[in-house]
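Per our numbering: the sequence shown = residues 16 to 419.
Virtual Cβ for every residue (Gly too), placed ideally from N, Cα, C.
Right, one structure below, let's go through it.
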Amino acid sequence: MAFDIQTLRLDFPALAQSVNDHPLVYLDNAATTQKPQIVLDALSHYYQQQNANVHRAAHALSGQATQAFEGARSKVARFINAPEAKQVIWTRGTTEAINLVAYSFGMHSLKAGDEIILSTLEHHANIVPWQQVAAATGAIIKVIPLTATAELDLAAAATLFSTRTKLLAIGQVSNALGVINPIKELIAMAKAVNAVTLVDGAQAVGHMPVDVQALDCDFYVFSGHKLFGPTGIGVLYGKRHLLEQMPPWQTGGEMIKRVSFARTSFGELPFKFEAGTPNIAGAIGLGAAIDYVSAQDRTALAEHEQQLMQQLLTGLAAMPDVHVIGRPAVGAVSFLVDDVHPQDLATLLDMQGIAVRTGHHCAMPLMQALGLEQGTIRASLAFYNTADDVAALLAGIDKAREFF
Ligand code: PMP
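Structural data, given as structure tokens:
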């Protein structure tokens, strides 16, 4: 291993605490990740030294804040290999980014009978906005089904695409099952019928390098807080010709060129889509998170995470009463324990300082498709987890079992 995990963990102050008199074992990374000190420092440095509104004022602090804010945009662009920083729009997160595309692109470009393709694995954030678009425009939603192993059925997907398909909106990695979707193949199917493509990268960015030009998707969205950055900041990347054609979504200050009561003209990209004072600190914090991740040996981190994943899957497979759902590949592992309600197990794990999540994981249609209406227990990994964390979870399940 090219890094020392204990040294790396010192960068994340929240990991060093005790919870319920046990050292914290944080396995809820799919919900949100912990933040390294340099992100916390970037936030407090901004508020202590640079706090000013961006873009407008002719004074030194505003200049510094603008530079840091726009510098963070360039960091995002480099991180996902966007051709230009202008193609990076700040949003509050994945949800807002998808809503922006749904309301600006979807509401204006789709017509009755047009088809939107989603998948059974989608998070509600990549379902509900499209249902709103469908309800308003008469577009129809088609859903890629699952195979018997709860992966996307590519053969069935191929039959859904036609000249009626106008949009594919697809997650890169499932937050509920940790499955990596075959997005390259699906994007190719969408392109073959000239459909626009949106990739929900919320669960991918923290685990794997992302190259939007190699993916050749039209839109890519993610949340800063799943990439070791602050909450309340996220990204919409879009192809320039589409972003330029799309009307603004929210309107007001910051996003205009000229306003009179007779007429308003809108700003250029990216400002056209950024109404109001943005989350300046959040953007700068996300830039710091990207600096942090980029400075690591990402291949070594990914290998480390894979080892933990194998340790977890092997440990769970050795428990006859435990059932792993699907074939987790990265991040999240969903499972059930016979005769134990997920919430009861999570409570007993929490008493041991082990943080996991239970429920439908904002993927109710997936849970319905799997016949798992009571949801699952989900443990989700990040690169700062250790073999001890995984061992603690496995031992925690054994201990909880004694209780039942
Ligand atoms: N999509 C996926 C795959 C997610 O995991 C999440 C967060 N759980 C979202 C979308 C929504 O992200 P946010 O709540 O940060 O907007």
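Sub-7 Å separation of residue i and residue j beta-carbons
i: E137; j: G186; result: yes
i: F420; j: G221; result: Coverage of the chain is limited to positions 16 through 419, which leaves residue 420 absent and any answer about it impossible.
i: F13; j: Q49; result: As displayed, the chain neither begins before 16 nor continues past 419, which places residue 13 out of reach and without an answer.
i: L125; j: A154; result: yes
i: T373; j: Q358; result: yes
i: L183; j: A210; result: yes
i: A304; j: V69; result: no
i: Y61; j: I392; result: no
i: D404; j: V34; result: no
i: V371; j: L363; result: no
i: A87; j: A67; result: no
i: T212; j: A205; result: yes
i: A310; j: N44; result: no
i: S395; j: A361; result: no
i: G302; j: K90; result: yes
i: V227; j: V103; result: no
i: F120; j: M270; result: no
i: V225; j: I113; result: no
i: I248; j: G291; result: no
i: L331; j: F350; result: yes
i: A150; j: P160; result: no
i: L316; j: T135; result: no
i: Q65; j: L76; result: yes
i: P144; j: G368; result: no
i: I412; j: F84; result: no
i: E200; j: L242; result: no
i: A117; j: V148; result: yes
i: I198; j: V214; result: yes
i: I156; j: T401; result: no
i: Y399; j: R71; result: no
i: V352; j: V337; result: yes
Burial state of residue i, where buried means 16 or more other Cβ atoms lie within 10 Å
i: K181; result: buried
i: E320; result: buried
i: P293; result: buried
i: S189; result: buried
i: R273; result: exposed
i: H376; result: buried
i: Q218; result: buried
i: F288; result: buried
i: E259; result: exposed
i: E388; result: exposed
i: G386; result: exposed
i: E417; result: exposed
i: G390; result: buried
i: P98; result: exposed
i: P51; result: buried
i: T314; result: exposed
i: Q6; result: Lying outside 16 to 419, the shown extent of the chain, residue 6 is not represented and no answer is given.
i: P245; result: buried
i: D231; result: exposed
i: D36; result: exposed
i: D129; result: buried
i: T178; result: exposed
* To do: Entirely within the region 240-317 and at least 4 residues each: give me those alpha helix (DSSP H) ranges in chain order.
  => Listed in chain order, they are 255-260 and 295-309.
* With distances taken from each beta carbon to the nearest heavy atom of ligand 1, which residues come in below 5 Å, in chain order? -> A residue is listed when its beta-carbon falls short of 5 Å from at least one non-hydrogen atom of ligand 1; in chain order these are G108, T109, T110, H138, A140, G186, N190, D215, A217, Q218 and S238.
* Are the region 400-412 and the region 322-331 touching by the rule of at least three beta carbon pairs closer than 8 Å? -> Segments in contact, yes.
* Asked: Can at least three beta-carbon pairs, one atom from the region 262-275 and one from the region 222-242, be found at a separation below 8 Å?
  -> Contact fails: fewer than three Cβ-Cβ distances are below 8 Å.
* beta strand (DSSP E) segments (min. 3 residues) lying fully within the region 105-191 -> Unbroken beta strand (DSSP E) runs of no fewer than 3 residues, entirely contained in the region 105-191, are found at 130-134, 155-159 and 180-186, following chain order.
* Asked: Between the region 154-169 and the region 190-205, do at least 3 Cβ pairs fall closer than 8 Å?
  -> The region 154-169 vs the region 190-205: in contact.
* To do: May I ask you to verify whether the region 266-283 touches the region 341-348, counting CB pairs closer than 8 Å and requiring at least 3?
  => Flag = no, the region 266-283 and the region 341-348 do not touch.
* How do the region 305-319 and the region 103-111 stand: do at least 3 beta-carbon pairs fall below 8 Å, yes or no? -> Touching, no, given that fewer than three Cβ pairs across the two stretches are closer than 8 Å.
* To do: Scan the region 36-80 and note each continuous alpha helix (DSSP H) run of 4 residues or more that stays entirely inside, going in chain order.
  => Taking only runs of at least 4 residues, the alpha helix (DSSP H) segments lying wholly in the region 36-80 are 52-60.
* May I have a chain-ordered list of the alpha helix (DSSP H) segments no shorter than 4 residues that lie completely inside the region 312-364? => Taking only runs of at least 4 residues, the alpha helix (DSSP H) segments lying wholly in the region 312-364 are 313-332.
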